[in-house]
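Enquirer: What follows is a structure written as structure tokens; I'll ask about it next.
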DNA sequence: CATGAATGAGAGTTCATTCAT
DNA sequence: GATGAATGAACTCTCATTCAT
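What follows is the structure, given as structure tokens:
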């Protein structure tokens, strides 16, 4: 156990991720994965026993990747508004890149498994809200931002991001809507010079 | 002539609605509907030929119901903030009543049929945004509200509502989060006496 | 029994005949008949209990019709070759008018019920062979024809007719093939003047 | 690719052939094949996706078999009348061996697919007619046969064979009828010594 | 007589999962 | 480890047949 071919396991996971991104969670069958990977049916079962198991692993990797990617981008940045821009851009990419996004798959998965540990969606929200809150507080201290309730403002931003993500998944987010909303959100807290 | 028994058709639709509310769209099979209705396999096909057909009918009825329910509630109301409260309460009920909500089913459905006519989600967003914008404008005129950009404020509210809806579907919306957010949103525009 | 509406029974039979002519025997369902007739499911069962029952009745009528039609055409004809031409023309119409022919349906039916009484196909062959034999004999006596074995010649003609019929049913009889064959068959027995 | 077990594929085909021979084309279901083969439902679909696909393959093999069987029998034969006897005997076997004949199944199949490429019935007729024509010509040259129009004589023989085949399928060909007809056909062209 | 809603048996098809090689 | 043939459960859909009205 645990041994086998680590590289093959990783390969399967990578392919599975793209399948989930394209088709969501429920619609994906083990057969789909087998075919997308170009391996044998039995071969897949050697590594993963169900789409559920596969998906859990996919999102575990996803979390890791996101964490490290943010960390990298945040090195050497000092201004709060700059960090916020980095975060917003990263979410923008995530939200608008429908082809490559696991969002819908995760919505489907957690709709069926709401109590799941390591709830990546809940986690993403809380982490993001906390980050934004800190940034706003930092910005207020530095005189960049003005805001009476950084926590609530941060949460409002996060809700709006979630809203735009699901709307984009269902094809109901107009072009430019993301940018307009972001400009508006920032305009509410930025101190004009 | 689409006649058959109108009451039975309505009964099936009602049952189907609850099945979709409980299980989403993709996971529901005709067999599920048959069993939930307590009728025969062939009996269901007499009225509806697929889950898709059923679902489209369910949401058509849903739209009708919502429209008429809002209209009823809006009679005799004159203050903008009162109307806004009615709207918010109606959305609150919709969003938090997970057992009874078609939200997840609609997300799944439109994720697969993004270009669909009568896109109820897009429609709901646009209608709501327009309504809130008008209300804010009215409120500003009456001195109840203050707001520099009613359109953007309204859209932000709608995005936040969408965000809370999907978060609730996936079990990631904490209790009270809805109320806290609403209080915050209102606090931003309400003129304190 | 036997009473009901005779005209409706006849109407159903007429419609059923055209359905069998178009689709053969096996492929036809009671539902097809119901729809073609524009009556109710129960209504059809009031008169006929199965496609088999219907088909048997259809071919019973068919025999009657053919018998009487030949008789009519044969009145006042005296020359053997003229009568033969009438018979050949009547078979030509039957064989080539694919849209309206019950041939394929009958082949299917008797392939499943080879021992059936009132075997219309066997009957048609024997009757036709006997007729042609008599005609050839008559023609020989009158000096119109020459033929050493009227019986075998007649049977050969009948086999060829059957062969062309099934070939036409399956789309493998070329245009003009019927006429060429008939000219050849007649050329073998006609005495040139 | 299309590999799986070649022997099993062949086994299925062999069983399917006998089922088609017994029941025709339309009446045969995938379930029938499954049961006759003693394999699982899914197992059959691994190899063939429909009765149509199966049938097409069955007749493709049939053509191959017939071609090679004729070739084998024709080695070392020199007299035209001998070759003709071989052909007639091969058709006799085909026509009279009802249990084992695909004739009715092919009639049903092509009645539904008249325009089909590789129309085996049309082909069989044309090939047979051409062969008989050549043989008659050869025989005439050698003084074995006498015939004014080998082409038309050959076609007449083929039509008669077709006629007897369908009549046998439907149970309307009397015993000995085949032999009587053949004797007659040959008597018309054979030069008595 | 006539209707047509309702039933349930049965065919088609797909896939998760196992297992001999 | 890896393969892919094989199985059987589950789902979709159609129709012959019945029966209350």
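Chains as they are written, first to last, in this note's numbering: chain A, 1 to 193; chain B, 1001 to 1193; chain C, 2001 to 2193; chain D, 3001 to 3193. Glycine included, every Cβ here is placed at the ideal spot set by N, Cα and C. Predicted, not measured: the structure shown is a model, and the values here were computed from it.
Could you work out which residues of chain D lie near residue 2152 of chain C, taking near to mean beta carbons separated by less than 8 Å?
Expert: 3180, 3181, 3184
Enquirer: Does residue 107 of chain A come within less than 8 Å of chain B when only Cβ atoms are used?
Expert: With 8 Å as the cut-off, residue 107 of chain A counts as an interface residue toward chain B.
Enquirer: Based on the DSSP output, what are the partners of residue 2145 of chain C in its beta bridges?
Expert: Its beta-bridge partners are C:2190.
Enquirer: Out of B:1012, B:1183, B:1158, B:1188, point me to the one whose CA is closest to residue 1039 of chain B's CA.
Expert: B:1012
Enquirer: Measuring straight from C-alpha to C-alpha, what distance separates residue 1168 of chain B and residue 3025 of chain D?
Expert: 56 Å
Enquirer: For residue 1001 of chain B, which residues of its own chain have a beta-carbon under 7 Å away from its beta-carbon, when the five flanking residues on both sides are left out?
Expert: Any reading at residue 1001 of chain B must be qualified, since the residue scores a pLDDT of 40, below 50, and its modelled position is unreliable; the value itself is stated next. Here the set comprises nothing.
Enquirer: Determine the closest residue to residue 1188 of chain B out of B:1032, B:1112, B:1174, B:1149, with distance taken between C-alpha atoms.
Expert: B:1149
Enquirer: Would the beta-carbon of residue 1191 of chain B fall within 8 Å of that of residue 1124 of chain B?
Expert: No.
Enquirer: Ordered along the chain, which non-local residues of its own chain (more than five positions away) have a Cβ less than 8 Å from that of residue 3022 of chain D?
Expert: 3099
Enquirer: What are the residues in the stretch 1163-1180 of chain B lying within 9 Å of chain A by C-beta distance?
Expert: 1163, 1164, 1165, 1166, 1167, 1169, 1170, 1171, 1172, 1173, 1174, 1177, 1180
Enquirer: Roughly how many angstroms separate the alpha carbons of residue 153 of chain A and residue 1010 of chain B, rounded to a whole number?
Expert: 45 Å
Enquirer: May I ask you to list, following chain order, the residues of the stretch 1124-1143 of chain B that have a beta carbon less than 8 Å from some beta carbon of chain A?
Expert: 1125
Enquirer: Check distances from the C-beta atoms of the stretch 3028-3058 of chain D to those of chain C and list, in chain order, the residues that come in under 8 Å.
Expert: Legend: CB atoms of the stretch 3028-3058 of chain D lying less than 8 Å from CB atoms of chain C are not found in any residue.
Enquirer: So, does the CB of residue 3155 of chain D fall closer than 8 Å to a CB anywhere in chain C?
Expert: yes
Enquirer: Which of helix, strand or coil does DSSP assign to residue 3113 of chain D?
Expert: coil
Enquirer: Which value, in whole angstroms, describes the spacing of the CA atoms of residue 2068 of chain C and residue 2097 of chain C?
Expert: 20 Å
Enquirer: In chain A, what lies closer than 7 Å to residue 1026 of chain B by C-beta?
Expert: 26, 27
Enquirer: Using C-beta distances below 6 Å, list every residue in its chain close to residue 2084 of chain C, excluding the 5 sequence neighbours before and after it, in chain order.
Expert: Annotation for residue 2084 of chain C: 2135 place their beta carbon closer than 6 Å to its own, counting only its chain and skipping 5 residues before and after.
Enquirer: Residue 120 of chain A: which of A:28, A:63, A:112, A:6 sits nearest, CA to CA?
Expert: When each option's Cα is compared against that of residue 120 of chain A, the closest is A:63.
Enquirer: Please state whether DSSP places residue 1097 of chain B in a helix, a strand or coil.
Expert: coil
Enquirer: When the Cα atoms are used, what is the spatial distance from residue 2003 of chain C to residue 2047 of chain C?
Expert: Residue placement at residue 2003 of chain C is poorly supported in this model, since its pLDDT is 48, which falls under 50; the coordinates are not used for a value here.
Enquirer: With DSSP as the reference, label residue 1079 of chain B as helix, strand or coil.
Expert: coil
Enquirer: Using beta-carbon positions only, say whether residue 3095 of chain D and residue 3020 of chain D come within less than 8 Å of one another.
Expert: no
Enquirer: How would you list, in chain order, the residues of chain D whose beta-carbon sits under 7 Å from the beta-carbon of residue 2104 of chain C?
Expert: Those are 3111, listed as they occur along chain D.
Enquirer: With a Cβ-Cβ cutoff of 8 Å, do residue 59 of chain A and residue 1107 of chain B count as a contact?
Expert: No. Outside cutoff.
Enquirer: On the three-state DSSP scale, how would you describe residue 3048 of chain D?
Expert: coil
Enquirer: Interface residues of chain D around residue 2160 of chain C at Cβ under 8 Å?
Expert: 3156, 3159, 3160, 3163
Enquirer: What separation, rounded to the nearest whole angstrom, lies between the Cα atoms of residue 1092 of chain B and residue 151 of chain A?
Expert: 22 Å
Enquirer: Do residue 104 of chain A and residue 128 of chain A have their CB atoms nearer than 8 Å?
Expert: It is not a contact, given that the beta carbons lie outside the stated cut-off.
Enquirer: Residue 3121 of chain D versus chain C: which residues are under 8 Å apart at the beta carbon?
Expert: Here the neighbours are 2167, 2170, 2172.
Enquirer: Let me confirm a value: residue 1050 of chain B is counted as buried when at least 16 other C-beta atoms fall within 10 Å, else exposed. Which label applies?
Expert: exposed
Enquirer: Between residue 171 of chain A and residue 80 of chain A, how many whole angstroms is the CB-CB distance? I'm expecting something under 8 Å.
Expert: So it is not a contact: roughly 34 Å between Cβ atoms.
Enquirer: Taking 6 Å as the limit between beta carbons, can you name the residues of its chain near residue 3015 of chain D, skipping five residues before and five after?
Expert: 3036, 3037
Enquirer: Assuming residue 3027 of chain D and residue 2160 of chain C form a contact by the criterion Cβ under 8 Å, report the distance between their Cβ atoms to the nearest whole angstrom.
Expert: The Cβ separation is near 29 Å, so there is no contact.
Enquirer: Would you mind stating whether residue 2163 of chain C and residue 3142 of chain D have Cβ atoms separated by less than 8 Å?
Expert: no
Enquirer: Looking only at its chain, what residues have a beta carbon closer than 6 Å to the beta carbon of residue 1017 of chain B, apart from the 5 residues adjacent to it on each side?
Expert: 1058
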